[in-house]
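Student: Numbering (full-length UniProt numbering), first residue to last: 1 to 263. In this text, a Cβ means the ideal position worked out from N, Cα and C, and glycines have one as well. This one's a predicted model, so the numbers in the text were calculated from it and none came from an experiment. Please find one structure pasted underneath; my questions will follow.
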């Protein structure tokens, strides 16, 4: 039987559309995650960035791979039902941590999160992947937007640098151009959400978010997990996250001393 937060319809929707909403996934951990984000912003890690283009307003902070130095993050990752829910959605016996990611858009932040897939940035491949995007503030306009079915596209979307809008790798002919889902009439899924709700989406699902034009902060915590079929894959350049010195080779499962098993 699936976890009580997950229905058979949720699992079917996730497999079909590459995205589904899980209400209340982190409902018991909202304050802990807020504390963790406050610590993360006060003590940024080596990958922290301020995403801003010339002429744009506000502050868009993001940082990742901090679970092992911010106790609140590790506690939530290990004690929340995220791993159990991920196993159900992916159809995987095991669940392994890939990384955490914090994204904060302060009030009046004009910069949108560009349309992208996560998978081309990563050095992991497989069909059993899930990312949970959980707001810690009520969201409407600045919520996550996902293109249904995009996890089944034959080609991956060209990864780009968000602020510079330049290709992340060489060999761009191996990727499809970044589409414009609204102009191209794609099915965009988005939800009004409360703190602790989570959008679950496949690493290959095209997604983005508008800027935050509201008067309130939009803090979001993302958790990236992988399942039984996940394997290390070579990319044509530095990946994001980079994890220098990992020592893995193509086709290998992610090393468990760096990427712990959660189930």
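1) Where does residue 177 land, buried or exposed, given buried means 16+ other C-beta within 10 angstroms?
2) If we ignore side chains and look at the alpha-carbon of each, how far apart do residue 16 and residue 47 end up?
3) Out of 144, 186, 134, which one is the CA nearest neighbour of residue 153?
4) Measure how close the beta-carbons of residue 217 and residue 137 come, nearest whole angstrom, since I'm counting them as under 8 angstroms.
5) Would a C-beta distance cut-off of 8 angstroms place residue 296 and residue 146 closer than the cut-off?
6) What do you get for residue 171, buried or exposed, if any count of 16 or more other CB atoms within 10 angstroms of its CB means buried?
7) Unbroken beta strand (DSSP E) runs of length 3 or more, entirely within the segment 12 to 61: which are they?
8) Mind the definition here: the segment 104 to 119 touches the segment 67 to 74 only if three or more C-beta pairs lie below 8 angstroms; say whether that holds.
9) Suppose the cutoff is 6 angstroms on Cβ atoms and the five residues either side in sequence are ignored; what does the same chain contact list for residue 134 look like?
10) Please tell me whether residue 34 and residue 219 are closer than 8 angstroms, where the distance is taken between their beta carbons.
11) Between 85, 163, 59, 80, which lies nearest to residue 227 when the distance is taken from Cα to Cα?
12) Ordered along the chain, which non-local residues of its own chain (more than five positions away) have a Cβ less than 6 angstroms from that of residue 60?
Tutor: In terms of the structure at hand:
1) Taking the first residue of the chain shown as 1, we reach residue 177 at position 177. Classification for residue 177: exposed.
2) In the chain shown, the residue the question calls residue 16 occupies position 16. In the chain shown, the residue the question calls residue 47 occupies position 47. Their Cα atoms are separated by approximately 33 angstroms.
3) Counted from its first residue, the chain shown places residue 153 at position 153. Residue 153 has its Cα closest to that of 186, out of 144, 186, 134.
4) Locating residue 217 in the chain shown gives position 217, counting from the first residue. Locating residue 137 in the chain shown gives position 137, counting from the first residue. About 6 angstroms separates the two Cβ atoms, so the contact holds.
5) With the chain covering only 1 through 263, there is no way to say anything about residue 296.
6) Along the chain shown, one-based indexing puts residue 171 at 171. Classification for residue 171: exposed.
7) 19 to 22
8) no
9) One-based indexing of the chain shown puts residue 134 at position 134. Hits under 6 angstroms: 26, 198, 221.
10) Numbered from 1 along the chain shown, position 34 holds the residue referred to as residue 34. Numbered from 1 along the chain shown, position 219 holds the residue referred to as residue 219. Yes.
11) The residue you call residue 227 lines up with position 227 of the chain shown. Among 85, 163, 59, 80, the Cα nearest to that of residue 227 belongs to 85.
12) Here residue 60 refers to the residue found at position 60 when the chain shown is read from its first residue. Taken in chain order, the residues that qualify are 51, 105, 109, 111.
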